[in-house]
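Reviewing the structure listed below.
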Amino acid sequence: PAGAAEPALPGRRRSAPPGGSAVHEATSVGACRVLLGSATPSLESWQATVVGRYQRLTMNERIGGAEQQGSLPAVRLVDMNHQPKHCTIAPPLLDAIAQRIARGEQSLIFLNRRGYAPVLACHDCGWKSECPHCSAFRVFHKIDRTLRCHHCGFTERVPRACPACGNIDIAPVGKGTERLEEHIAELLAGVTRPDGSPLRIARIDADTTRLKGALESQLASVHAREVDVLVGTQMIAKGHDFRHITLVAAINPDGALFSSDFRAPERLFGLLMQAAGRAGRDADHGEASEMWVQTFHPQHPLFAALKKHDYPAFAAQELKEREAAGMSPFGFSALVRAEARDQAVAQGFLNAAAAAAQTQQLPGHDAVTPYPAVPMTIQRVANIERAQMLVESPSRAALQRFLAAWQPLLHQTRQQGDFKSLVRWAIDVDPLAI
Ligand SMILES: [Zn+2]
Ligand SMILES: [Zn+2]
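First residue of the sequence shown: 1, per my numbering; consecutive thereafter.
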């Protein structure tokens with residue numbers, strides 16, 4: 001991660017030959033103190049190997065698998081522009097899942113949103129299930145008929161009628177994993193397992209794994225092949241070694257393509273690569289395993305690289321854009337966050353501290369750009385207003401000098417007038433999410 005201390009590599013540095021050398025040649029890195037391992041390294045780490053600060057070693061074989069290209073799943077992009085309107089699962093994907101069930105194979109379907117529906121709404125007056133304490137909607141959980149805020153935890157029973165106008169016809173909008181599970185069960189009604197028994201669907205997300213041991217027992221039933229279709233959030237797409245899953249599907253990953261956070265595409269690519277790695281771990285199924293991605297943007301370069309399982313191509317494209325925009329790892333940044341009961345106080349504090357830094361000509365200030373304070377994406381959590389200020393510099397040394405000198409000024413600013421009521425402030429260097 002970008003925020004982690006970067007290890008020095010003592011001893012001989014040798015860049016890997018094109019195409020990579022096997023990691024088994026570990027003798028050449030015998031002097032290394034730190035070994036970083038990932039199928040999808042952070043772009044900061046990757047760039048460090050490009051410029052030779054880190055030594056890159058490439059593994060050409062999948063763990064427990066056959067030759068790499070032979071056993072990686074085929075990536076299928078479903079162009080949702082050409083599917084029936086408002087369908088959650090495209091008909092060809094549904095067919096493919098049904099075929100797996102008939103063959104006794106498992107499918108994994110993930111959606112990055114838990115609960116039944118992200119919002120409950122009244123179509124008469126426009127009421128929505130907003131959290132009274134946060135600038136976010138409370139999520140409808142059908143299983144216990146609650147509205148829960150995923151930011152502050154505020155939970156209430158679902159009202160019998162619209163709290164604003166009394167209309168009894170309030171309805172869920174959008175889909176979370178709970179509703180997806182129900183929807184898939186409806187769509188696949190009538191599909192049976194090879195022995196004629198009814199199919200089994202399981203869901204794994206933060207809601208189903210709250211109890212101690214719940215995750216382990218759910219994973220055990222997947223491994224024991226008691227489950228045909230596994231639905232869940234991205235927590236199931238990472239890290240678990242499912243040997244009989246031959247189809248992995250991302251239902252709606254488009255949000256990350258156009259996020260205001262410049263790291264969102266990197267996270268999405270990493271997630272999809274890792275999810276694809278869930279399919280076809282078992283050499284018996286390797287040939288036939290598939291990763292399906294539903295998208296309204298099939299031409300996006302991220303998906304072109306994904307189709308070829310080509311992390312270096314993705315990294316090259318993404319790094320080119322970041323270089324042009326002066327973003328990490330080519331530029332350096334820090335976020336100063338402030339929290340207060342009043343948004344104007346939080347923003348005012350940040351702006352006043354930045355103005356003071358300008359007036360006092362702090363060390364490094366000529367190479368550092370502070371941007372105006374803005375509300376955070378989730379502006380209010382548990383009745384606390386949150387604001388942030390981005391500070392950028394092409395020079396890490398200048399940024400560090402500036403921040404060191406700015407810190408006492410931030411403390412001083414807090415002692416002035418309204419800013420005394422500030423709840424807290426903090427500096428986050430190399431923020432992982434913006
Ligand atoms: Zn209403
Ligand atoms: Zn809340």
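Where a beta carbon is used, it is the ideal one built from N, C-alpha and C, also for glycine.
For this session: Let me know the secondary structure DSSP gives A90 once reduced to three states.
Result: Looking up residue 90 in the sequence shown gives position 90. Reduced to three states, the DSSP call for A90 is coil.
Exercise. Once you ignore the five residues that flank P198 on each side, which residues in its own chain have a CB closer than 8 Å to its CB?
Worked result: For this step, residue 198 is matched to residue 198 along the sequence shown. If we look at P198 and ignore the five residues flanking it on each side, its Cβ neighbours are T192.
Problem set entry | Strand pairing of H141, partner residues [DSSP] | Position 141 of the sequence shown, counted from the first residue, corresponds to residue 141. In DSSP, H141 forms a bridge with T146.
Exercise. How about A136: is its Cβ closer than 8 Å to a heavy atom in ligand 2?
Worked result: Start at 1 with the first residue of the sequence shown, and residue 136 comes out as number 136. Because some heavy atom of ligand 2 lies under 8 Å away, the Cβ of A136 counts as near it: yes.
Problem set entry | Cβ-based neighbour list, L72, same chain, cut-off 6 Å, excluding 5 preceding and 5 following | As a first step, residue 72 is located in the sequence shown; it is residue number 72 there, counting from the start. Shown here for L72: same chain residues with a beta carbon closer than 6 Å to its own, the five before and five after excluded, namely H309 in chain order.
For this session: Taking 6 Å as the limit, tell me which residues put their C-beta closer than that to any heavy atom of ligand 1, in chain order.
Result: C122, D124, C125, W127, C162, A164, C165 and N167
Problem set entry | Where T208 falls: helix, strand or coil (DSSP) | Numbered from 1 along the sequence shown, position 208 holds the residue referred to as residue 208. Coil at T208, not helix or strand.
Exercise. Can you check whether the CB of A206 is closer than 9 Å to the CB of V231?
Worked result: Counted from its first residue, the sequence shown places residue 231 at position 231. Counted from its first residue, the sequence shown places residue 206 at position 206. Not in contact: V231 and A206 (Cβ atoms no closer than 9 Å).
Exercise. Taking Cβ to Cβ, would you say A237 is nearer than 9 Å to A264?
Worked result: Within the sequence shown, residue 237 is the residue found at index 237, counting from 1. Within the sequence shown, residue 264 is the residue found at index 264, counting from 1. Taking C-beta atoms as the reference points, A237 and A264 fail to come closer than 9 Å.
Exercise. Between the Cα of G331 and the Cα atoms of A404, L399 and H223, which residue gives the shortest distance?
Worked result: Residue numbering aside, residue 331 sits at position 331 when the sequence shown is read from its first letter. Among A404, L399 and H223, the Cα nearest to that of G331 belongs to L399.
Problem set entry | Range of the contiguous beta strand (DSSP E) that encloses A249 | Taking the first residue of the sequence shown as 1, we reach residue 249 at position 249. It spans I245 to A250 - the beta strand (DSSP E) in which A249 sits, taken as one unbroken run.
Problem set entry | L120 vs L147 beta-carbon contact at 9 Å | Counting from one through the sequence shown, the residue named residue 120 turns up at place 120. Counting from one through the sequence shown, the residue named residue 147 turns up at place 147. Yes, these two residues count as a Cβ contact at 9 Å.
Exercise. What's the gap between the Cα of T27 and the Cα of E156?
Worked result: Counted from its first residue, the sequence shown places residue 27 at position 27. Counted from its first residue, the sequence shown places residue 156 at position 156. Note on T27: pLDDT 46, under 50, position unreliable in the model; no value is reported.
Exercise. Thinking just about the alpha-carbon of each residue, which of I170, P159, R103 and L211 is nearest to the one in G196?
Worked result: Locating residue 196 in the sequence shown gives position 196, counting from the first residue. The option with the nearest alpha carbon to G196 is R103.
Problem set entry | Cβ-Cβ distance between L187 and I89 below 9 Å | In the sequence shown, residue 187 corresponds to position 187, counting from 1. In the sequence shown, residue 89 corresponds to position 89, counting from 1. In contact: L187 and I89 (Cβ atoms closer than 9 Å).
Exercise. Under a CB-based cut-off of 9 Å, is G126 close to chain C?
Worked result: This model lacks chain C altogether, as it is built from one protein chain only.
Problem set entry | heavy atom of ligand 2 below 8 Å from A382 C-beta | Taking the sequence shown and counting its residues from 1, the one referred to as residue 382 is at position 382. Yes - ligand 2 has a heavy atom lying nearer than 8 Å to the Cβ of A382.
Problem set entry | Pair within 9 Å by beta-carbon distance, T177 and G255 | Numbered from its first residue, the sequence shown carries residue 177 at position 177. Numbered from its first residue, the sequence shown carries residue 255 at position 255. Cβ distance not < 9 Å, so T177 and G255 don't count as in contact.
For this session: For Q416, count neighbouring C-beta atoms within 10 Å of its own C-beta (all shown protein chains included) and say buried if the count is 16 or more, exposed if not.
Result: Counting from 1 along the sequence shown, the entry for residue 416 is found at position 416. Q416 should be labelled exposed.
For this session: Tell me where the alpha helix (DSSP H) around S45 begins and ends.
Result: Looking up residue 45 in the sequence shown gives position 45. Per DSSP, S45 belongs to the alpha helix (DSSP H) from L43 to V50.
For this session: Please name the residue in R386, I251 and G326 whose C-alpha comes closest to that of L93.
Result: Locating residue 93 in the sequence shown gives position 93, where the first residue counts as 1. Among R386, I251 and G326, the Cα nearest to that of L93 belongs to I251.
Exercise. Assuming F140 contacts A117 under a Cβ cut-off of 8 Å, what Cβ separation, rounded to an integer in Å, is found between them?
Worked result: Position 140 of the sequence shown, counting from 1, holds the residue named residue 140. Position 117 of the sequence shown, counting from 1, holds the residue named residue 117. Sure, about 5 Å apart at Cβ, within 8 Å.
Problem set entry | Close Cβ partners of P194 (< 6 Å) along its chain, the five nearest in sequence each way excluded | Taking the sequence shown and counting its residues from 1, the one referred to as residue 194 is at position 194. Around P194: G104.
Exercise. Got a sec, what are the start and stop residues for the beta strand (DSSP E) F262 sits in?
Worked result: As a position in the sequence shown, residue 262 is number 262, starting the count at 1. Looking at the DSSP string, F262 is not in any beta strand (DSSP E), and its letter there is neither H nor E.
Exercise. Just how far apart, CA to CA, sit E266 and F258?
Worked result: Locating residue 266 in the sequence shown gives position 266, where the first residue counts as 1. Locating residue 258 in the sequence shown gives position 258, where the first residue counts as 1. If you take the alpha carbons of E266 and F258, they lie about 12 Å apart.
Exercise. Any heavy atom of ligand 4 within a distance shorter than 8 Å of the CB on H141?
Worked result: This structure simply doesn't include ligand 4; it includes ligand 1 and ligand 2 instead.
Exercise. The beta strand (DSSP E) with V368 in it runs from where to where?
Worked result: Numbered from its first residue, the sequence shown carries residue 368 at position 368. Element bounds for V368: n/a, residue is neither H nor E.
Exercise. What separation, rounded to the nearest whole angstrom, lies between the Cα atoms of M291 and T413?
Worked result: Within the sequence shown, residue 291 is the residue found at index 291, counting from 1. Within the sequence shown, residue 413 is the residue found at index 413, counting from 1. Their backbone Cα atoms lie some 53 Å apart in a straight line.
For this session: Express the C-alpha separation of S135 and A353 in angstroms, rounding to a whole number.
Result: Position 353 of the sequence shown, counted from the start, is the residue given in the question as residue 353. Position 135 of the sequence shown, counted from the start, is the residue given in the question as residue 135. Near 26 Å, if we compare the C-alpha coordinates of S135 and A353.
Exercise. Going by alpha carbons, who is nearest to Y471 out of A355, V391 and Q360?
Worked result: The question about residue 471 has no answer, for the chain in this structure spans 1 to 434.
Exercise. Which same chain residues, not among the five before or five after A214, have their C-beta less than 7 Å away from its C-beta?
Worked result: Within the sequence shown, the letter at position 214 stands for residue 214. Result list for A214: T208, in chain order.
Exercise. So what does R337 bridge to, in DSSP terms?
Worked result: As a working note, residue 337 is residue 337 in the sequence shown. Per DSSP, the beta bridge partners of R337 are Q388 and A426.
For this session: Quick one: grab the DSSP three-state call for M327.
Result: As a working mapping, residue 327 is identified with position 327 in the sequence shown. It is coil, neither helix nor strand.
Exercise. In three-state terms, what does DSSP make of P298?
Worked result: In the sequence shown, the residue the question calls residue 298 occupies position 298. P298 falls in the coil class under three-state DSSP.
Problem set entry | Nearest-angstrom Cα separation, counted from A31 out to M376 | For the purposes of this step, residue 376 is taken as the residue at position 376 of the sequence shown. For the purposes of this step, residue 31 is taken as the residue at position 31 of the sequence shown. M376 and A31: Cα-Cα distance of roughly 44 Å.
Exercise. Going by other Cβ atoms of all chains shown within 10 Å of its Cβ, with 16 needed for buried, is F110 buried or exposed?
Worked result: Taking the sequence shown and counting its residues from 1, one reaches residue 110 at position 110. F110 comes out buried.
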